[in-house]
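Asks: Order-wise, the sequence lines are chains A and B. The first sequence stops at residue 375 when you use the numbering used here, and every number in between is there. The second sequence stops at residue 750 when you use the numbering used here, and every number in between is there. Backbone N, C-alpha and C fix where the C-beta goes; we use that ideal spot for every residue, glycine too. Given the structure is predicted, the values throughout are model-derived calculations rather than measurements.
Protein chains: 2
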Amino acid sequence: MLPDDARIISVDDHVIEHPRVWLDRLPAKYQDRAPRIIRLEDGNDAWLYDGERSGNFALNAVAGKHPRDFGMDPRSYSDMRDGCHDVEARLKDMDIEGTWAQMCFPNMGGFAGSTFWRSKDKELAAACITAYNDFILDEWCAFNPERQIPLCMVPFWDVPAAVKEAERVAAKGAKSITFLEAPHRLGLPSYHTDHWDPLLKVCEEAELPLSVHFGSGGAPAGTAEDGDMFITIALFGLNSMMAMVDLLMSPVFYKFPTLKFVLAEGGIGWIPYLLERTDYSWERHRYWCKINAEQRPSELFDDHIFGCFVSDQTGLNERYQIGVNNILFESDYPHSDCNWPHTRKVLAEQLRDVPDDEARLIVEGNARRIFNFPG
Amino acid sequence: MLPDDARIISVDDHVIEHPRVWLDRLPAKYQDRAPRIIRLEDGNDAWLYDGERSGNFALNAVAGKHPRDFGMDPRSYSDMRDGCHDVEARLKDMDIEGTWAQMCFPNMGGFAGSTFWRSKDKELAAACITAYNDFILDEWCAFNPERQIPLCMVPFWDVPAAVKEAERVAAKGAKSITFLEAPHRLGLPSYHTDHWDPLLKVCEEAELPLSVHFGSGGAPAGTAEDGDMFITIALFGLNSMMAMVDLLMSPVFYKFPTLKFVLAEGGIGWIPYLLERTDYSWERHRYWCKINAEQRPSELFDDHIFGCFVSDQTGLNERYQIGVNNILFESDYPHSDCNWPHTRKVLAEQLRDVPDDEARLIVEGNARRIFNFPG
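If you want it as structure tokens, here you go:
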């Protein structure tokens, strides 16, 4: 059962950046091209950044709406809960849903800063990342450091610059770096190369787990025409599956034996199957494939990879096969997977057959340990 | 436990076509371009078809080899067990591994005949498919119809021709059609269109389940450089996951209420997670996505989709969440996943906690019912 005094920590929520995040922070020379909100003719809001319109809110800001009102149209700030973009209102919404602390991914910036990676002017892009990090550290999380866990971006297209930014935000109190689940799918070097080593080294030394959100390695697995968006949503977990196997087969955890990856929004119910399958394949193919032939993938998993769930009874039933220490909760506020305002109630139902000490780890203890966020 | 008298039926094995499959059957005008075996300079064998060298045996013909000897080099017929290509020897190998009956996918032809789909001369390609079907029906399976279940291809690039061939092989005793898990990934119309309806109608009427082998919808989920082949092998199941969600969200099962799909070599341990996830997503997105909003995906699954496993303790532990009636066994002989000669022993270990009546269904009864193959 979920104990009444357990303080739920969600490790995957989302901030809808308010319109002045970048305008307030970018140097004067970038003001003209700073990300800003424009009002469209239909009355909705959209981001304009370096001449390009990017993204909309839609399913990313639906907390409190009935699924009948879900859709892909852009929305305006006035059509979403204040908690999406206002940290004071956010904490009140967390009180309503029954969560104590949370870690937020960026929205306009992309899960790992990929919006800026795509922009042509990489100097401006790096400045935008610094500005976002200062926003999340100095404004959003500083409002109540006991209840907001800082997750920062790095300019991943430039490893020395990414190292510098990781060191800077670590010194300012960041608890995790949002990174790419599959860099090779963006045309960047894979985890099987040495390319990322300087950054991974800094993250290991500063005890910063890498939070890799599904979709941060490019488009999720798409399928066919009608119902395509739905199919993509149901298949979110496949990206995390690919990331898990790719990382377990890479040299990363041999080079960085205390580095941790957190797979956000991929679910957990598939983990026992995929660990069994990966071990099975490893038994057969370790001799001829260029992979580490000594340590069983499922053993590597225990120390290095952590799964997250919004709602996943299958995974909770199989928690001993996953490892009770490897499971984290996520609310996903204000995205369409979240159960706000019933977050705590839905979670308690899922934990009804889980012993109290295990439930405490899953909803709070693991997050405090993994993200070095003591209560 | 696996009862001693249970006759194991494997629904996913593979025939290595012998060198005369097409030479013996194609009309004289195609003899020059018929698929034939050529001896390479290094002493290995390879197929030559319509001027192109295609495929090799490698991991597809390793039954009985130690994993230390696995690899991607081509091999020769003399470097594989006779059971790969000789049905009499095959039955002896089945006796050794302890299986009673099996259904074989093509090798040179591709899982669903895709080798022929890629060839330029589609008239020759269709003739090759007819020849293969006659081989599998009249030669391979006719040798012992109680122990070989005929699985046939259709020229899927031409729906009227595919309908005709499905009718022809059904009349000759075919029990299943090998088809595409994701036609849209080959650039063909998806299951969300009406394109395939005439073929699906014939399959439904003739009680021919569609056997869709992972990889029949194009390349499996690839990843990065080193260890790439291993990662692909560990991720085989992802193709079946995509196919399952795609089919459940398509109109196919509403149009053809008794049609069945068998997902070969995708494993089963992920099914409870993905059904839960698909239902969860459907609850939220059925209002605005173009999908059927009435029937829960997991309910549709029960009557229409069947999972297969070589070795999957996770899935067997979760069998009630999958449905004991929806699980089929596969040996995968002579591919690299198979446990020959220990097939029955490995299976019995996996079934040690499964009640006898359920074990009987999983290893034999379900296959007999689904493929209309009475004992």
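For phenylalanine 518 of chain B, which residues from the same chain have a beta carbon less than 6 Å from its beta carbon, with the 5 sequence-adjacent residues on both sides left out?
Replies: For phenylalanine 518 of chain B, where only same-chain residues beyond five positions count, the Cβ hits under 6 Å are Val462.
Asks: Ignoring anything shorter than 3 residues or poking outside the segment 476 to 560 of chain B, list the beta strand (DSSP E) runs there in chain order.
Replies: Complete beta strand (DSSP E) runs here, min 3: 476 to 480, 551 to 554.
Asks: Taking C-beta to C-beta, are isoleucine 751 of chain B and valine 529 of chain B nearer than 8 Å?
Replies: The question about residue 751 of chain B has no answer here: the residues shown for chain B are numbered 376 through 750.
Asks: With 9 Å as the C-beta to C-beta threshold (strictly closer), list the residues of the segment 183 to 196 of chain A near chain B in chain order.
Replies: Those residues of the segment 183 to 196 of chain A that come within reach of chain B (Cβ to Cβ, closer than 9 Å) are Pro183, His184, Arg185, Pro189, Ser190, Tyr191, His192, Thr193.
Asks: Would you verify that the beta carbon of proline 272 of chain A is, or is not, closer than 8 Å to some beta carbon of chain B?
Replies: Taking Cβ atoms only, chain B reaches closer than 8 Å to proline 272 of chain A, which makes this a yes.
Asks: Report the option in A/Asp69, A/Arg75, A/Asp246, A/Leu316 whose CA atom is closest to the CA atom of tryptophan 47 of chain A.
Replies: Ranking the options by Cα distance to tryptophan 47 of chain A, first place goes to A/Arg75.
Asks: Chain A partners of tyrosine 695 of chain B, CB-CB under 8 Å?
Replies: Simply none; closest approach about 11 Å.
Asks: Between the beta-carbon of alanine 745 of chain B and the beta-carbon of phenylalanine 681 of chain B, is there less than 8 Å?
Replies: First, the amino acid is wrong: residue 745 of chain B is isoleucine here, not alanine. A contact, by the Cβ cut-off of 8 Å.
Asks: Of all the options A/Thr314, A/Leu23, A/Asn60, A/Pro35, which has the alpha carbon lying nearest to the alpha carbon of histidine 335 of chain A?
Replies: Of the candidates A/Thr314, A/Leu23, A/Asn60, A/Pro35, the one whose C-alpha sits nearest the C-alpha of histidine 335 of chain A is A/Asn60.
Asks: In three-state DSSP terms, what is alanine 58 of chain A?
Replies: Helix at alanine 58 of chain A.
Asks: Sort A/Tyr77, A/Trp288, A/Glu17 by Cα distance to asparagine 44 of chain A and report the nearest one.
Replies: Ranking the options by Cα distance to asparagine 44 of chain A, first place goes to A/Tyr77.
Asks: So glycine 682 of chain B is in the beta strand (DSSP E); what residue range does that whole segment cover?
Replies: Counting along the chain, the beta strand (DSSP E) containing glycine 682 of chain B begins and ends at 680 to 684.
Asks: Quick check: is the beta carbon of aspartate 13 of chain A nearer than 8 Å to any beta carbon in chain B?
Replies: It does not: the Cβ of aspartate 13 of chain A has no partner Cβ on chain B nearer than 8 Å.
Asks: Grab the span of the beta strand (DSSP E) containing arginine 694 of chain B for me, first residue to last.
Replies: First-last for arginine 694 of chain B: 694 to 697, but that is the alpha helix (DSSP H), not the beta strand (DSSP E).
Asks: Taking the DSSP output, what are the residues bridged to aspartate 388 of chain B?
Replies: The partner list for aspartate 388 of chain B (beta bridge, DSSP) reads B/Cys479.
Asks: Using 8 Å as the threshold, is the C-beta distance between glutamate 299 of chain A and threonine 258 of chain A below it?
Replies: Taking 8 Å as the Cβ cut-off, glutamate 299 of chain A and threonine 258 of chain A do not qualify as a contacting pair.
Asks: Taking the continuous beta strand (DSSP E) assigned at tyrosine 424 of chain B, which residues delimit it?
Replies: Start and end: 420 to 424.
Asks: Given this structure, state the Cα-to-Cα distance separating glycine 323 of chain A from alanine 367 of chain A, to the nearest angstrom.
Replies: Approximately 14 Å, taken between the alpha carbons.
Asks: Which of the three DSSP states, helix, strand or coil, is assigned to valine 21 of chain A?
Replies: Coil.
Asks: Keeping to the same chain, check which residues put their C-beta closer than 6 Å to that of tryptophan 282 of chain A; ignore five residues upstream and five downstream.
Replies: These residues qualify, in order along the chain: Pro297.
Asks: Would you say valine 721 of chain B faces chain A, with C-beta separation under 8 Å as the test?
Replies: No - not a single Cβ of chain A is within 8 Å of the one on valine 721 of chain B.
Asks: List, in order along the chain, the chain B residues whose C-beta lies closer than 7 Å to that of cysteine 152 of chain A?
Replies: The premise fails here: cysteine 152 of chain A is roughly 25 Å from chain B at the closest Cβ pair, so nothing lies under 7 Å.
Asks: Which residue marks the beginning of the alpha helix (DSSP H) containing histidine 285 of chain A, and which one marks its end?
Replies: 271 to 285 is the extent of the alpha helix (DSSP H) around histidine 285 of chain A.
Asks: Which residues of the segment 270 to 295 of chain A have a Cβ closer than 8 Å to any Cβ of chain B? Give them in chain order.
Replies: From the segment 270 to 295 of chain A, only Trp270, Pro272, Tyr273, Leu274, Glu276, Arg277, Thr278, Tyr280, Ser281, Trp282, Glu283, Arg284, His285, Arg286, Tyr287, Trp288, Cys289, Lys290, Ile291 have a Cβ closer than 8 Å to chain B.
Asks: Any heavy atom of the ligand FAD closer than 7 Å to the CB of asparagine 747 of chain B?
Replies: For the structure depicted, the ligand FAD is absent and the ligand set is empty, with no information on it obtainable.
Asks: Just the chain A side, please: which residues come within less than 9 Å of aspartate 731 of chain B by C-beta, in chain order?
Replies: Correct list: empty, because the minimum Cβ distance to chain A is about 24 Å.
Asks: Considering just the uninterrupted stretch of the beta strand (DSSP E) at valine 262 of chain A, what are its terminal residues?
Replies: Valine 262 of chain A -> beta strand (DSSP E) spans 261 to 264.
Asks: Span of the beta strand (DSSP E) holding isoleucine 240 of chain A?
Replies: Note that residue 240 of chain A corresponds to serine in the displayed sequence, not to isoleucine. It is not in any beta strand (DSSP E) - serine 240 of chain A instead sits in the alpha helix (DSSP H) that spans 236 to 249.
Asks: For valine 363 of chain A, which residues in chain B fall below 8 Å Cβ to Cβ?
Replies: None at all; the shortest Cβ gap to chain B is about 19 Å.
Asks: Taking just the CA atoms, how far does asparagine 701 of chain B sit from methionine 617 of chain B?
Replies: Cα to Cα, methionine 617 of chain B sits roughly 18 Å from asparagine 701 of chain B.
Asks: Taking Cβ-Cβ distances below 9 Å as the criterion, which residues of the segment 247 to 271 of chain A are in contact with chain B?
Replies: Result list: Leu248, Met249, Ser250, Pro251, Gly267, Ile268, Gly269, Trp270, Ile271.
Asks: If contact means a Cβ-Cβ distance below 9 Å, which residues of the segment 689 to 718 of chain B contact chain A?
Replies: Correct list: Thr689, Gly690, Asn692, Glu693, Gln696, Ser711, Asp712.
Asks: Name the two residues that bound the continuous alpha helix (DSSP H) containing leucine 703 of chain B.
Replies: Element bounds for leucine 703 of chain B: not the alpha helix (DSSP H) but the beta strand (DSSP E), 702 to 704.
Asks: Can you tell me which residues form a DSSP beta bridge with arginine 414 of chain B?
Replies: Paired residue(s): B/Asp420.
Asks: Please classify alanine 501 of chain B as buried or exposed, where buried requires at least 16 other C-beta atoms within 10 Å of its C-beta.
Replies: By the neighbour-count rule (16 or more Cβ atoms within 10 Å), alanine 501 of chain B is buried.
Asks: Check the Cβ-Cβ distances between leucine 613 of chain B and every residue of chain A, and say whether any is below 8 Å.
Replies: At least one chain A Cβ lies under 8 Å of leucine 613 of chain B.
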